[in-house]
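Heads up: the protein sequence lines correspond to chains L and B, in order. Residue numbering for the first sequence follows this note's numbering, starting at 1 and increasing by one per position. Residue numbering for the second sequence follows this note's numbering, starting at 1 and increasing by one per position. Heads up, the beta-carbon is just placed ideally off N, CA and C, and yes, glycines get one too. I have placed the structure first, in the form of structure tokens, so that the comments after it can refer back to it.
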Amino acid sequence: MTRLGMGIALLLGFLVYGCGRSNYDLTQTTTVTSGDGPTFSLRLAGDDAGDFLSAKLRIESVQVTGGGAVLANAVQTPEVDLADIGRAHLLATFQAPAGVEDVEFLVGFAGGTLTTSKGSFTVDARCQTLRLTGKVSRITERKHAVIHLDVARSFVPGGAGLTLVPHFQLVY
Amino acid sequence: MMKKAKIAAAAAAVALSEAASAHEFACEKTIEGEVVHVVEAYPATLHIKVVVTNTHPTDASTALSVRDDLFARMGVKVTPETPFTLQVGESTELDATVTIRSEAECFRLSRAQACTSSFEDAFQVLFDGGVAQCAARLICMGDDYAGGKE
Chain L
1 MTRLGMGIAL LLGFLVYGCG RSNYDLTQTT TVTSGDGPTF SLRLAGDDAG DFLSAKLRIE
61 SVQVTGGGAV LANAVQTPEV DLADIGRAHL LATFQAPAGV EDVEFLVGFA GGTLTTSKGS
121 FTVDARCQTL RLTGKVSRIT ERKHAVIHLD VARSFVPGGA GLTLVPHFQL VY
Chain B
1 MMKKAKIAAA AAAVALSEAA SAHEFACEKT IEGEVVHVVE AYPATLHIKV VVTNTHPTDA
61 STALSVRDDL FARMGVKVTP ETPFTLQVGE STELDATVTI RSEAECFRLS RAQACTSSFE
121 DAFQVLFDGG VAQCAARLIC MGDDYAGGKE
């Protein structure tokens, strides 16, 4: 009876562990390729906060790929406040393999909360992914690429909260 | 004399390289004049407008390429063709009309972005100094939608 109880407990434990893993956790197991060249960073900053006093977004996933390899696949900063103008939050560090000209950045959001003087608004951004390409030759000049999200233009009232419609610039 | 010529050539090269990297763009995208547009009935013919502006304060800017995954999926050709150059303060307008034939097609486009009932229509201008993106969002309503919320 005790053995049976332990068996059931173990089985339940495995099931609970398995069910609790998100898709993001699964992608964490992807092999990340690193080279011996310089290390670059990908950062996210807010531009023009408009009426927003805070603009907190939760980062769900960050992936950098290039030359058919995954160069980074981890969340360095789980939450960013994009109304904190002048601060560029670290999203990922990566190395580009020799000969790779372009890298692809994918940044996924889980959601967030923005506040104005009139109140607080939730953002449903679960299916939002920033998808953009960076030139390695330009990233090499300053060792970074920074996504400047235009906060005032990117959050549009809709439904019960705000809709994320990303307007941004990637600068090197 | 030779030294002066070399210095002049180097200075010109620096000036040219700085000028070559001096490109800045901004863009605006709307669907039926809105940044967030709700499709309430099908088939829906949608007028999509993109305005690309050279925002560099002193120099012309050259767009090397543009990227619009929705246009690509629906076979819409973007004009003017890249590369194109805009003078200081100059804008160009890109217009396209797409038809979403059914509720099923709208939801299929949503699911392609891992969304349930809406999808993003992003437009990117790629230039030497980076990328500028503007976007609009389409919300798909069911055929039985009667003016309520999603």
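- Per DSSP, T116(B) has no beta-bridge partner at all.
- Counting only Cβ-Cβ distances below 9 Å, E120(B) has contacts in chain L at C127, Q128, T129, L164, V165, P166, in chain order.
- With contacts defined as CB atoms closer than 9 Å, F109(L) and Q63(L) fail to qualify as a contacting pair.
- In the three-state reduction of the DSSP assignment, I139(B) falls in the strand class.
- When secondary structure is reduced to three states using DSSP, I31(B) falls in the strand class.
- Here DSSP, grouped into helix, strand and coil, assigns V88(B) to coil.
- Note on V35(B): 16 or more other CB atoms within 10 angstroms of its CB, so buried under the neighbour-count rule.
- In this chain, the beta strand (DSSP E) harbouring L132(L) covers 129-135.
- Residues of the region 122-141 of chain B with a C-beta atom less than 9 Å from some C-beta of chain L are A122, Q124, L126, D128, G129, G130, V131, A132, Q133, C134, A135, A136, R137, I139, listed in chain order.
- Contact check for L138(B) and H37(B): beta-carbon distance about 6 Å, within the 8 Å limit, so the pair qualifies.
- With contact defined as three or more Cβ pairs closer than 8 Å, the region 55-67 of chain B and the region 80-100 of chain B are in contact.
- The beta carbon of V36(B) sits closer than 9 Å to some beta carbon of chain L.
- V80(L) and F25(B) have their C-alpha atoms some 25 Å from each other.
- Not one beta carbon of chain L lies nearer than 9 Å to the beta carbon of R108(B).
- Residue environment: T77(L) is assigned as exposed (fewer than 16 neighbouring CB atoms within 10 Å of its CB, all protein chains considered).
- Between T39(L) and F94(L), the CB-CB gap stays under 9 Å.
- Chain B has no Cβ within less than 9 Å of the Cβ of V62(L).
- Taking all protein chains in view, the Cβ of P166(L) is crowded by 16 or more other Cβ atoms within 10 Å, so the residue is classified as buried.
- Listed along chain L is no residue with a C-beta nearer than 9 Å to that of A104(B); the closest approach is about 18 Å.
- About 4 Å separates the beta carbons of L57(L) and G112(L), which is inside the 8 Å limit, making them a contact pair.
- Spatial neighbours of V131(B) in its own chain (CB-CB distance under 6 Å, excluding positions within 5 residues in sequence) are listed in chain order as Q124.
- G158(L) is not a Cβ neighbour of V103(L), given a cutoff of 9 Å.
- The beta carbon of G86(L) sits closer than 8 Å to those of A45, all from its chain and outside the five residues before and after it, given in chain order.
- Out of S61(L), A72(L), A83(L), the CA that lies nearest to the CA of A152(L) is found in A83(L).
- Nearest neighbour of E120(B) by Cα position, chosen from L90(L), V156(L), L91(L), F121(L), turns out to be V156(L).
- Closest in alpha carbon position to R111(B), among T122(L), R126(L), G119(L), is R126(L).
- Taking a C-beta distance under 9 Å as the contact criterion, V70(L) and T33(L) qualify as a contact pair.
- Shown here for V100(L): same chain residues with a beta carbon closer than 7 Å to its own, the five before and five after excluded, namely G66, G67, V136 in chain order.
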